[in-house]
Amino acid sequence: MANGLNIHIHFGGGAELLFDKIKKHIVELPPARKYFPDADIEKWRIKELLIWIKDNLLKERPELFLQGESVRPGILVLINDADWELKMYISYFILIH
């Protein structure tokens, strides 16, 4: 994965207000090892994606979006239209399809 990873991120139900009222973001993530040089990771997981979102997209009130390493209770996270509870939560690796 020498190049970045292109993904689509959608916010709704009021969460978009924390992201400058922008509902849809198309982003290219840098290689995981480059963004997290001190960590021994090769692939992006949801855990790292949440950190990247906080650092790069979140415009205000991170306490309304994140709690610890995860999203706050009440925020529904979908991965390819499936609840992330079916995908191992923050440990899920983001794959290229």
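Counting in full-length UniProt numbering, the sequence shown runs from 1 upward without gaps.
We treat Cβ as the ideally placed atom computed from N, Cα and C, and that holds for glycine.
- Rounded straight-line distance, which links the Cα of A39 to that of I9: 24 angstroms
- Item | Per-residue burial, I26 [other beta carbons within 10 Å of its own, 16 or more giving buried] | exposed
- Query: To the nearest angstrom, how far is it from the Cα of W52 to the Cα of K59?
  - Reply: 13 angstroms
- Item | Inter-stretch contact (C-beta, 8 angstroms, three-pair minimum) for the stretch 84 to 93 and the stretch 41 to 48 | yes
- By Cβ distance, which residues of its chain are closer than 7 angstroms to V77, with the 5 residues on each side in sequence left out? V71, W84
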